[in-house]
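Once you know that position 210 of the sequence shown is 210 in the UniProt record's numbering, the rest is easy, because the numbers rise by one and skip nothing. Data block below; observations after.
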Amino acid sequence: MFEQLSTFPGYDQVLTGAKKLFGRIIQTGPVPKHVAIIMDGNRRYARSHKMEIREGHNIGFETMASVLELLFEAGVECATVYAFSIENFKRSAYEVEALMDMARSRLCQIRQHGELCEKYGVRLRVVGNRKLLPVDVQQIVQETEDMTKNNTRAVLYMCFPYTARDDMTQSIRNVVAESLINPEFEISESAFNHFLYTPPLDLLIRTSGTYRLSDFLLWQSVSPKCSVVFSDRLWPEFSPLHMAKILLNWSFNTYWYGHGNGFVVSAPGDSARAQKSPVPVPDSAEDDYSDSSSDAAVDAAVEEEDTFTSDEDPISK
1 MFEQLSTFPG YDQVLTGAKK LFGRIIQTGP VPKHVAIIMD GNRRYARSHK MEIREGHNIG
61 FETMASVLEL LFEAGVECAT VYAFSIENFK RSAYEVEALM DMARSRLCQI RQHGELCEKY
121 GVRLRVVGNR KLLPVDVQQI VQETEDMTKN NTRAVLYMCF PYTARDDMTQ SIRNVVAESL
181 INPEFEISES AFNHFLYTPP LDLLIRTSGT YRLSDFLLWQ SVSPKCSVVF SDRLWPEFSP
241 LHMAKILLNW SFNTYWYGHG NGFVVSAPGD SARAQKSPVP VPDSAEDDYS DSSSDAAVDA
301 AVEEEDTFTS DEDPISK
């Protein structure tokens with residue numbers, strides 16, 4: 001439906017106005033401070049539309065820019081996107097180089113689309129194990145960050161290259177180093193949180209109908225107050241209106257239940273309340289993962305999962 005509407009003259013202007021309107025509506029209630037997205041489905045979208053894979057990634061990038069605009073219109077202070085997984089370095093040298101070329105072009109596009117960061121006062125931070133990147137890519141990353149370093153209204157975290165395991169490992173390493181320097185330094189959960197790349201999550205969204213987190217922000221999403229939403233739509237099909245629906249649902253649940261998941265966390269000793277998911281999990285969820293003990297089923301699921309990051313395909317998704 002949205003693909004057909006996008007062909008009409010004036011669609012972009014109407015969509016821009018709709019994002020502003022939904023942004024104002026969402027701000028009348030609770031707004032999540034930190035929203036993270038696993039942008040999955042670019043390659044499947046390209047195959048289903050008989051186009052080059054690279055074109056699917058290009059469409060996915062435009063989708064990312066449009067969805068981020070809605071988030072910042074709604075007053076979200078922090079957004080995180082899964083752009084590239086450390087696990088991708090295990091692929092063939094040819095494929096890794098192709099992904100690095102794509103990363104170069106994506107970062108250049110972000111610099112060319114600098115009006116988004118300037119308009120909403122967004123600071124870009126590329127987080128992850130950056131020393132694994134080629135030297136020229138590291139330089140492009142630094143230049144792109146420097147372009148927005150004075151923006152203070154919101155932050156866009158781009159995880160590149162990233163895994164949650166590496167995030168937690170570097171946090172532990174920093175905690176230990178700090179404790180050796182400062183004998184009075186207390187090793188605690190708050191200290192561990194301080195050294196993670198990103199703050200705790202309020203809302204995590206994954207597209208393409210894949211029901212797992214794929215080593216993305218595992219510690220930050222562990223809080224019972226973090227809502228996790230799985231969408232069956234491939235990332236290029238995911239519009240700002242779909243995001244607006246999720247944000248409104250989160251706001252409604254938070255307002256009425258004090259919790260984005262739509263239920264109240266019971267105090268110790270209280271009778272447990274049934275958890276009501278803000279977005280119903282479709283029946284198709286069991287189709288891909290009905291037999292978790294089957295290695296063949298798992299391998300097939302991984303093969304189908306396409307993200308520009310690890311087994312997914314974030315920035316490009």
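Here a beta-carbon is modelled for each residue, glycine too, at the ideal position from N, C-alpha and C.
9 Å Cβ cutoff met for residue i and residue j
i: V220; j: A36; result: It is Gln, not Val, that sits at residue 220 in the sequence shown. Their beta carbons are under 9 Å apart, which means Q220 touches A36 by this criterion.
i: V76; j: P32; result: yes
i: N261; j: K225; result: yes
i: I205; j: I246; result: yes
i: K20; j: E62; result: no
i: T163; j: D202; result: no
i: F238; j: G209; result: no
i: C78; j: H49; result: no
i: D136; j: R104; result: yes
Span of the alpha helix (DSSP H) around residue i
i: I181; result: 164-181
i: A46; result: 42-48
i: L203; result: Where L203 is concerned, there is no enclosing alpha helix (DSSP H), although the beta strand (DSSP E) it sits in stretches over 203-206.
i: T198; result: First-last for T198: undefined, no H or E at that position.
i: G56; result: 53-73
i: F252; result: 240-257
i: Y94; result: 93-112
i: E143; result: 135-147
Length of the line joining the Cα atoms of residue i and residue j
i: I38; j: Q109; result: 20 Å
i: E55; j: R43; result: 9 Å
i: G23; j: E69; result: 9 Å
i: K276; j: P183; result: For K276, the predicted model reports a pLDDT of 42, less than 50, meaning its position is unreliable; a value from the coordinates is still stated below. About 46 Å.
i: L241; j: S251; result: 15 Å
i: I181; j: G258; result: 41 Å
i: D232; j: Y120; result: 29 Å
i: S190; j: T152; result: 24 Å
i: S66; j: R130; result: 26 Å
i: M147; j: R173; result: 30 Å
i: V14; j: E97; result: 39 Å
i: F195; j: D167; result: 9 Å
i: A244; j: A177; result: 43 Å
i: D12; j: V222; result: 37 Å
i: I26; j: P236; result: 23 Å
i: A18; j: A93; result: 44 Å
i: residue 347; j: F89; result: Nothing can be reported for residue 347, as the shown portion of the chain is limited to 1 through 317.
i: E115; j: V155; result: 15 Å
i: V122; j: E95; result: 32 Å
i: G60; j: R91; result: 22 Å
i: M64; j: P200; result: 21 Å
i: L71; j: T28; result: 14 Å
Same chain only: Cβ atoms within 7 Å of residue i, ignoring 5 sequence neighbours per side
i: P134; result: M100
i: E145; result: L124, R125, V126
i: T198; result: T80, V127, Y157, L217, Q220
i: T16; result: none
i: R212; result: none
i: P30; result: S251, T254, Y255
i: C117; result: L124, T148, N151
i: L234; result: G41, R44, Y45, T207, S208
i: V175; result: I187, A191, F192, F195
Enclosing beta strand (DSSP E) for residue i [first to last residue]
i: A36; result: 34-38
i: A154; result: 154-159
i: L124; result: 122-127
Close-in-space but distant-in-sequence residues of the same chain around residue i (CB under 6 Å, 5 per side omitted)
i: V141; result: V126
i: L107; result: I140, T144
i: F185; result: E178, S179
i: V228; result: L204
Beta-bridge partners of residue i, as assigned by DSSP
i: A79; result: V35, L156
i: V228; result: L204
i: S85; result: Y162
is_contact[residue i, chain D] using C-beta, thresh 9 Å
i: F230; result: The displayed structure is made up of one protein chain only, and chain D is not part of it.
Beta-carbon proximity list for residue i, same chain, < 8 Å, skipping 5 on both sides
i: E52; result: A46
i: I86; result: G128, N129, L132, P161, Y162, T163, D166, S310
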